[in-house]
Each structure stands twice: as C-alpha cells, then as structure tokens.
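>
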DNA sequence: AGGCGCTGTCACTAAACCGTCACCATACTG
DNA sequence: CAGTATGGTGACGGTTTAGTGACAGCGCCT
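Residue numbers (the numbering used here), protein chains in the order written: chain A, 254 to 482; chain B, 254 to 482.
#1: Run through chain A and tell me which residues come within less than 7 angstroms of residue 344 of chain B, C-beta to C-beta.
#2: Should residue 427 of chain B and residue 474 of chain B be called a contact, given that it needs their Cβ atoms to be closer than 7 angstroms?
#3: Could you give the DSSP three-state label for residue 281 of chain B: helix, strand or coil?
#4: Does chain A have any CB closer than 7 angstroms to the CB of residue 396 of chain B?
#5: Can you give me the start and stop residues for the alpha helix (DSSP H) that residue 272 of chain A sits inside?
#6: In angstroms, rounded to a whole number, what distance separates the CA positions of residue 453 of chain B and residue 398 of chain B?
#7: Give the DSSP-derived three-state secondary structure of residue 339 of chain B in the structure shown.
#8: Does residue 469 of chain B come out as helix, strand or coil in the three-state DSSP assignment?
#9: Counting only Cβ pairs nearer than 8 angstroms, list the residues of chain A close to residue 340 of chain B.
#10: Using beta carbons (cut-off 7 angstroms, strictly below), is residue 323 of chain B in contact with chain A?
#11: Hey, is residue 315 of chain B's beta-carbon within less than 7 angstroms of any beta-carbon in chain A?
#12: Pick from B:319, B:300, B:476: whose alpha carbon is nearest that of residue 425 of chain B?
#13: In the structure shown, what three-state DSSP assignment does residue 419 of chain A receive?
#14: Starting from residue 403 of chain B, follow the beta strand (DSSP E) in both directions and report where the run begins and ends.
#15: Counting only the same chain and skipping the five closest in sequence on each side, list residues whose C-beta sits under 8 angstroms from that of residue 262 of chain B.
#16: Can you pull the chain A residues whose beta carbon is under 8 angstroms from the beta carbon of residue 484 of chain B, in chain order?
#17: DSSP has residue 435 of chain B in a bridge; who is on the other side?
#18: Does the CB of residue 348 of chain A have a neighbour CB from chain B at under 7 angstroms?
#19: Does residue 385 of chain A get closer than 7 angstroms to chain B when you measure Cβ to Cβ?
#20: What residues in its chain sit with their C-beta under 8 angstroms from that of residue 400 of chain A, if we drop five residues either side in the sequence?
#21: Mind checking whether residue 478 of chain B and residue 423 of chain B have CB atoms under 7 angstroms apart?
#22: Would you call the CB atoms of residue 332 of chain B and residue 303 of chain B closer than 7 angstroms?
#23: Measure the beta-carbon distance from residue 256 of chain A to residue 300 of chain A and round it to whole angstroms, keeping in mind my assumption that it falls under 8 angstroms.
#24: Taking all protein chains shown into account, do 16 or more other C-beta atoms lie within 10 angstroms of the C-beta of residue 279 of chain A, making it buried, or fewer, making it exposed?
#25: State buried or exposed for residue 267 of chain A, treating a residue as buried only when at least 16 other CB atoms are found within 10 Å of its CB.
#26: Which whole-angstrom value is the C-beta distance of residue 444 of chain A and residue 429 of chain A, which I expect to be below 8 angstroms?
#27: Starting from the Cα of residue 293 of chain A, find the closest Cα among A:316, A:274, A:272, A:447 and give me that residue.
#28: Checking the sheet assignment: what are the DSSP bridge partners for residue 429 of chain B?
#29: Is residue 479 of chain B helix, strand or coil by DSSP?
#30: By a C-beta neighbour count over all protein chains shown, 10 Å radius and 16 as the cutoff for buried, is residue 350 of chain A buried or exposed?
#31: Skipping 5 residues on each side, what residues in its chain have a beta carbon closer than 6 angstroms to that of residue 338 of chain B?
#32: Can you pull the chain B residues whose beta carbon is under 8 angstroms from the beta carbon of residue 473 of chain A, in chain order?
#33: Might you give, ordered along the chain, the residues of its own chain that have their beta carbon closer than 6 angstroms to the beta carbon of residue 270 of chain B, omitting 5 neighbours on each side?
#34: Is the separation between the beta-carbon of residue 321 of chain A and that of residue 437 of chain A shorter than 7 angstroms?
#35: For residue 423 of chain A, return the contacting residues in chain B, with the cut-off set at a CB-CB distance below 7 angstroms.
#36: Determine the burial state of residue 378 of chain B: buried for a count of at least 16 other Cβ atoms within 10 Å of its Cβ, exposed for fewer.
Have a look at this one:
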C-alpha cells in the first residue's frame, strides 16, 4: 500500500489511473497541475510520483527537475507518463531523473507492473529526522542548524551539503559524488565549485566553534568526522 | 563505470549494445546464452544485467527468475530487452523481477538513459571493505589507516601502496608489478621510485610502532608480512 | 528599478606531494 | 677480501591539488 501522487490534467486519464492504482492496492493522490502537486508535496511526501509531461502552467518535466533539485524530494521515484514517444523526449525525461518513462496510450496493467518494479527497487530513503553530531544539530523539518544551541546560518546549498555529510559521516566523498548527491546528477557544474562551498560551510561552522569538522582528503575528496586527526 | 552483463544471442544486436555501453562509459560482459551467463555470474556479480527474452536453451525469463530466487544475485538490477511488445509479456517480465522492460527495436540512446536511471537508483553500494592485518587497519571508505587505534598519516600514493600490500599480503611483488597495480599500467616512472615510496611508507608505519612489516626481498621486490623473519 | 543574498567560476596563492638524483650502506660474487 | 650489484636515504625542484578572495549573473523581494 503506497501513496502515489498523480499529476495529470486530463480528468478521464486521471480517473483511469486512480482506479488502476486503487485496484492494485495503492492510494492515489490527485493533482491537476504542478502547483497543486507542489502544495501537496509540501504537506507530505508520497512514495511515488506519476507525472504527465504536458500540464497547464509549469510543465511536468520542469516539476521533475524541481523535485530532483530539492534534497527533501530527491528520493521520491518518478514515473513519466506522456504522449511524447520520441527518442529525444524519452532521453530527456530519464536524464532529468525519472525512474521510468511510459508513453500514452498505456496499458493499465503494464503501468501497474512498472510501478511495482520501481517501488520494489526503492531504497529505505534518507530520514526526515534531525541529525546530531558533536553538538551540531541539523533539522530537515525546520531547516535549521544549531551548534550547542546557537544558530548557524547557511545558504540552501550549504545546508544540503552539510545534511549529506551528516547523514554520511566519517566516509570520504569525492567531488563527483558530492555533485551527484547534493547538486543532482543532471546539473553540470565544475568540480572545483565544491571546494568553494566547502570553504563557505567551513567558515559558517568555525564561526560557531566547530573547527576541522570537515576534513580534506587529498586526492580523494572530503569527509565529515568528529575525530580530529 | 559499471560492469554490465549482456545476455543476447544475436551477434549483431550484441555488438550494437556493447558499443553503446562502451560509449557511455560502461564495461560490457558478453554472454550468448543463459548457461554462459550463469557461469560468468558465478565468478563475479555485474552491476546490471541486460537480458534478452528469447535465448537458445534456457529462456531469458527463466534466467531472470533464477537470479531473483538466488540470494546472491537478488540485488542485481535486470533490464529485459526483447521483441515481445505485448502487454502480457511486459507484465510478466516486470512481475518476474525486471527493473525495466525495453522492446526491440530500441533506440541506443534510450537504452543508455534507462540504464542510467536504473543504476542511479541502485547507487549506494559496493563499498570496499576495510582490511586489517596485525593491528593495522586500513579503511577505503573513510580513507583512514590506524595502528592499534592511533592514526597513521599517509599520502595518496602511500595509501594505495599499503592497500595493495594488505590485500596481497605475504606475497612478493616486483617493482614492475607494483608500478602496474598501484601507479597504473600506463604511466612511466622509474622503478627506483618504488623504493622511495616504500621508504616513506615504512617511515610512517614505524612512527606508529610497526617495524619490519614491509620486507625487502633482494633481487625480487617487496613483501608485506606479519611474521618477522 | 534597485538592493540583496546566493551561486558558479576564475585567478592567484599556498601547500602537499611526487619523481628523480646523488651518495651511502649493505649484500652477494668469485 | 676487493669488486660489484642492489637497496636505503636525504634533499630538491617541479607539478599537482586545495584554499582563498573577488566578481558577475541570477532570482527574489520590496
């Protein structure tokens, strides 16, 4: 039983999908456009998003991009569902971060099978819970970071970067991995950009009394560790 | 860079797929039938399996079933690749445990994008295990070396060198072999350079109380051994 | 429109690291 | 035991890699 957000403007198709989902033991959440979808996502994360490419207002592919860019929604699988069956569209859709791409007209049973396949793969994903290491506390819900009670001010990217480090502490991450996990694998930015953000993050942490939390591993990348070396 | 097992009996398609994979930075492993595939899987698990439905002998769908039944191979993603485009086949394929289902004729670019999408889901895996010998501990994940709890500081090359020695302990390695395995077979450096790095590595280890761990075998090379001679 | 915060990139600096050499020590050879 | 081959060692210059400050572009808010 999974909650599935269905973003689809055509009522008849919306209905068809919802019925299919219900019949296969899922729980459909309907949204006729990207804005509604975003609002629903604000409240609660679904287990999967079924996304129409063509939508009134913001397009489905744009929505997909936004979902992939946001740390919070990054882990949610997306299945693109659209009339655009050409190769370029498929590649674009998948490159953007969709987990599967189904063309209309589609068979409800195939869709159900694909949903099942994607959900089966779904990993136990990153927690929404606050993380705390060495007196440093990060709360994804409130989007706040505190060092022994005192607030630490971070930009969005620094926040995501720190969140990633804290949920994957002690391990070394290459710049490529960080770009992949924090920026998203579809964007293209210089690897050195990571260095700069590391520096900004370090600056903010040091201002709060946390020295050497983020360490450089020459030739490999960076690591967050509470044990100083 | 992922190892991908391609199970496909038609040579021209096999070739097409392999070329596509190589071009997209993957490493194709070819198998013309299920039996060969099983043999290859015995030796080493690939990161993904591309599976043709119709094969001489045991069919692809049977192979998929076997892979899903075996604990060892259960986690490996499968993409079905076949001419059977009917709904029933798709559903069966996906129900069996395939992660995606692509019908022939397929576009190489779409295939590449789908492979990427499946691998993306799979990512956090295959972490290298720590090695420990005689109180000396090397962990590739954290990129740390400790001697009975105390940190050992090493440069990148020394780290790789020690890692190689620890994973190939008790065996003598010539300078040429070391250059090959630690430096990479394409670079050209003097053999004597190895000596210098051995010295640096020895220095770092001795500072942590590990004497004579790396032994010289005159005329042949070096060896890491916990039993002093 | 203007200000502001955030971001990605660049150029420059600082530091770590690497490969090589020259010279010394040691082991083997006859 | 002298001679030679092989490995050990300290130092050095060049190269690679990371740190840093500055800056222009962008979106957003007022």
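The beta-carbon is built from N, C-alpha and C at its ideal position, and this holds for glycine as well.
Remember, predicted model here, so these are calculated numbers, not experimental data.
Working from what's here:
#1: 362, 363, 366
#2: yes
#3: strand
#4: yes
#5: 264-276
#6: 15 angstroms
#7: coil
#8: strand
#9: 360, 362, 363
#10: no
#11: no
#12: B:476
#13: helix
#14: Where residue 403 of chain B is concerned, the enclosing beta strand (DSSP E) stretches over 403-405.
#15: 285, 286, 305, 307, 308, 309
#16: Outside the shown range of chain B (254 to 482) lies residue 484 of chain B, about which nothing can therefore be said.
#17: DSSP lists no partner for residue 435 of chain B.
#18: Residue 348 of chain A counts as touching chain B.
#19: Chain B, which has no Cβ nearer than 7 angstroms to the Cβ of residue 385 of chain A, makes this no.
#20: 388, 389, 390, 458, 461, 462, 463
#21: At the C-beta level, residue 478 of chain B and residue 423 of chain B come within 7 angstroms of one another.
#22: yes
#23: 5 angstroms
#24: buried
#25: buried
#26: Contact between residue 444 of chain A and residue 429 of chain A holds, with the beta-carbon distance rounding to 7 angstroms and staying under 8 angstroms.
#27: A:316
#28: Answer by DSSP bridge pairing: none, since residue 429 of chain B is not bridged.
#29: coil
#30: Buried, by the Cβ-count rule.
#31: 356
#32: 396, 409
#33: 259
#34: yes
#35: Those are 395, listed as they occur along chain B.
#36: Its pLDDT being 44, under 50, residue 378 of chain B is placed unreliably by the model, and the measurement read from it follows with that caveat. It counts as exposed.
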